[in-house]
Amino acid sequence: MPVATTFAQSHAAHAPASPVPTRMELAWDPALVAGLPRHDVTLDVHGTPLRCEGVALVDLLRRAGAMPAEPLRGAHLVRRVEVMASDGYRVVFSLGELDPTLGKQAVYVADRCNGKPLDTREGPARLLVPGDSRPARSARQIKTFIIE
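Quick note: to get our numbering, add 125 to the position in the sequence shown (first position is 1).
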């Protein structure tokens, strides 16, 4: 048997099943985050501090069944989540960069800022990416999460 075939077969037996066998689309729903751990996050947005409260995107994805609880490996590493806003704005994250054991990229989905629920101009939810140098991926008016 060729070496490449043996290698592929031995690794195929250990590859985790994909958490999302097909494309998964989640509409924003407050029930999706109910009971998840809440985080206070302050982010500088165009020179103004924005103090928000929300959940970690990784926790939301795990609750929805789009990401496993254990550290990602194998087939999971090619997955991504596209976050869509009602104004057409979109941002993308790989599941690997969100996994706390790999990329350690803290991304939050906030539904409250400056002590109040988000209004229609900002909400119903917004992303917060405190590790980014500028707030380009801290999108507002979040409506849908697409996991592929």
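From the three backbone atoms N, C-alpha and C, an ideal C-beta is built for every residue, glycine too.
The beta strand (DSSP E) that contains residue i, what's its start and end?
| i | result |
| --- | --- |
| Trp197 | Note on residue identity: the sequence assigns Leu, not Trp, to residue 197. From DSSP, Leu197 is part of no beta strand (DSSP E); its letter is neither H nor E. |
| Asp236 | Tyr233 to Cys238 |
| Asp184 | That residue, Asp184, is in no beta strand (DSSP E); its alpha helix (DSSP H) goes Leu182 to Arg188. |
| Met149 | Met149 to Ala152 |
Given residue i, which residues of its chain have a CB within under 8 Å of its CB, disregarding the five upstream and five downstream residues?
| i | result |
| --- | --- |
| Phe132 | Residue placement at Phe132 cannot be trusted, given a pLDDT of 49 that sits under 50; the coordinates are not used to answer. |
| Cys238 | Leu175, Arg176, Cys177, Glu178, Glu247 and Arg251 |
| Arg148 | Ile271, Ile272 and Glu273 |
| Asp257 | Ser263 |
Among the residues of its own chain, which have a CB less than 7 Å from the CB of residue i, if the five just before and after it don't count?
| i | result |
| --- | --- |
| Met126 | Reliability of the predicted coordinates at Met126 is poor, the pLDDT of 49 falling under 50, and the value obtained from them is presented with this limitation in mind. So the list is empty, once near-sequence residues are dropped. |
Given a cut-off of 8 Å on the beta-carbon distance, is the pair residue i and residue j in contact?
| i | j | result |
| --- | --- | --- |
| Val183 | Pro225 | yes |
| Trp153 | Lys229 | no |
| Leu185 | Val234 | yes |
The ligand FMN and residue i: does the residue's C-beta get closer than 7 Å to at least one heavy atom of that ligand?
| i | result |
| --- | --- |
| Glu195 | Inclusion of the ligand FMN in the displayed structure is not the case, the ligand content being empty and no account of it being possible. |
Starting from residue i, trace the alpha helix (DSSP H) both ways and give me its first and last residue.
| i | result |
| --- | --- |
| Glu222 | Leu220 to Leu223 |
| Leu157 | Pro155 to Val158 |
From the DSSP secondary-structure annotation, give me the bridge partner or partners of residue i.
| i | result |
| --- | --- |
| Met209 | Arg215 and Thr269 |
| Gly179 | His164 and Ala235 |
| Lys229 | The partner list for Lys229 (beta bridge, DSSP) is empty, contrary to what the question assumes. |
Looking only at its own chain, which residues have a Cβ that is under 6 Å from the Cβ of residue i, when we skip the five neighbours before and after it?
| i | result |
| --- | --- |
| Gln266 | Ala210, Ser211 and Asp212 |
| Arg204 | Leu220 |
Relative to the C-alpha of residue i, which candidate in the options has its C-alpha closest?
| i | options | result |
| --- | --- | --- |
| Val216 | Ala261, Pro162 and Asp169 | Ala261 |
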